[in-house]
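Chemist:
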Amino acid sequence: MVCPRKQSLNILGLGYSVGTNGSVVTGDVIVIKTFAELNRRSREIRGKFVVYNYDFNSYDESVAYKLHGASRASKYGAIGALIRSTTPFSNSLPHTGLQIYSKNVRKIPAVSITVEDAELFGRLAARGINITVSLSMEARMDADRVSRNTVSEITGSTKPDEIVLVSGHLDSWDVGQGAMDDGGGAFISWRALSVIKKLGLRPKRTVQSVLWTGEEMGYNGVQQYAQKHINDLNKISIAMESDMGTFTPTGITYSGRNLTAQCIINELLSLLKPINASQLKIGREDGPDIELLVEKGVPGASLDTRNDRYFYYHHTAGDTMSMMSTRDLDLCTAVWAAIAYGLASIDDQLPR
Ligand SMILES: [Zn+2]
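Taken in order, the sequence shown gives residues 1 to 352; the numbers are from my numbering.
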């Protein structure tokens, strides 16, 4: 910020954003609360930076500003979009994440700013104070490269072609360590298999652990998997995913409609009462990767945990091992291993 005073802003580029091509872009700021306000004030946008200082209610509700804020602003001639981080809590850290340019729109820099800075802009603008910002950003896209899903299996003893799938994604944003998003989900999906193996158990069906690649850039790994296995998706009993944190587990959410299947899962979950993780929720599971498999008819499940703090760390430099709990990881692994082993060991494939 160069006017009304000099202040550095802690920013992160959003996914696929263009940079400023080695130059410094300077312009006035207009602060917007909602897309409706953006449309209403469309004639004031040209040549300015649009700051989105929306009220945060939930991630799902607010994520549209991150995803589409730059494109919407560009339509009215903005020179950049500075977008409030999508989080209910802030310690002055910007949160990055995917943003998408719509077709036929001029690509302008898409930048995440902290909640604190967004609110500062909001206060200054409310007092009618002119705000000017200078932005320099090195963002660029490199050429695509080959990446791979990491797949490991315990081959089923009598039905090796039938699969129970546990998963998390292996890629992460380039700040922090991605320990929570989604190191935790990847860890328990890997570890569940080693627990089953260490216990000397051999399920009837194959338990497959998939660590997806390219989730953050747009679900590249699962798209490849679905394409490759399109003819044997009916052999997958269930696709499980953990991508909403591995905090203290409470149970799972199951998306399948079949009542017998729900009953079987409920029965299995009751075994987890000693660790208070026996809650079954029926409904849309929270698995961005497996969603593609669910759309193609595979029943899906996601891990439920006490994850109120998930978005505090999500896509920030704060997503490190320090916020992870080894005990919670063990408990989540137990849920994953027990459900996967149980469903891989029952006589019939989980009905759908
Ligand atoms: Zn994730």
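Cβ atoms here follow ideal geometry from the backbone N, Cα and C, with glycine treated the same way. Here the structure is a predicted model, which is why all the values come from computation and not from measurement.
Which one or two residues does DSSP pair with K281 in a beta bridge?
Modeler: According to DSSP, K281 bridges with T253.
Chemist: Measuring straight from C-alpha to C-alpha, what distance separates R106 and S74?
Modeler: When rounded, the distance between both Cα atoms is 6 Å.
Chemist: Could you give the uninterrupted runs of the beta strand (DSSP E) lying entirely in the region 123 to 184, keeping only those of 3 residues or more?
Modeler: Counting only runs of 3 or more, we get 132 to 135, 150 to 154 and 159 to 169.
Chemist: Under 9 Å between the Cβ atoms of T195 and A334?
Modeler: This sequence places Val at residue 195; Thr is not what is there. The answer is yes: Cβ separation under 9 Å.
Chemist: The beta strand (DSSP E) that contains T305, what's its start and end?
Modeler: T305 -> beta strand (DSSP E) spans G300 to T305.
Chemist: Whole angstroms are fine: how far does the CA of I230 sit from the CA of M137?
Modeler: When rounded, the distance between both Cα atoms is 41 Å.
Chemist: Tell me which residues share the same chain as G119 and place their Cβ nearer than 7 Å to its Cβ, disregarding the 5 neighbours each side in the sequence.
Modeler: Position check: residue 119 holds Glu in this sequence, whereas Gly was assumed. Hits under 7 Å: N53.
Chemist: Listed in chain order, which residues are found with a beta carbon closer than 5 Å to a heavy atom of ligand 1?
Modeler: Those residues, listed in chain order, are D181, D182 and D243.
Chemist: Less than 8 Å between the CB atoms is what I'm expecting for T150 and D28, so what's the real figure, rounded?
Modeler: At roughly 48 Å, the Cβ-Cβ gap does not stay under 8 Å, so T150 and D28 are not in contact.
Chemist: DSSP three-state label for S237, please.
Modeler: It is a strand residue.
Chemist: Please list the terminal residues of the continuous beta strand (DSSP E) segment that includes T333.
Modeler: Where T333 is concerned, there is no enclosing beta strand (DSSP E), although the alpha helix (DSSP H) it sits in stretches over T326 to S345.
Chemist: Could you give the DSSP three-state label for G13: helix, strand or coil?
Modeler: The answer is strand: DSSP assigns G13 an E or B state.
Chemist: Would you mind giving the Cβ-Cβ distance between T246 and R306, rounded to the nearest angstrom? I have them listed as a contact below 8 Å.
Modeler: Not a contact, Cβ separation roughly 11 Å.
Chemist: Pick out whichever of I265, V210 and I100 has its Cα sitting closest to the Cα of D182.
Modeler: When only C-alpha atoms are compared, the closest one is V210.
Chemist: Quick check for students: name the residue ranges of the beta strand (DSSP E) that lie wholly in the region 69 to 109, counting only runs of 3 or more.
Modeler: Those beta strand (DSSP E) runs which fall completely within the region 69 to 109 and span 3+ residues are 80 to 84.
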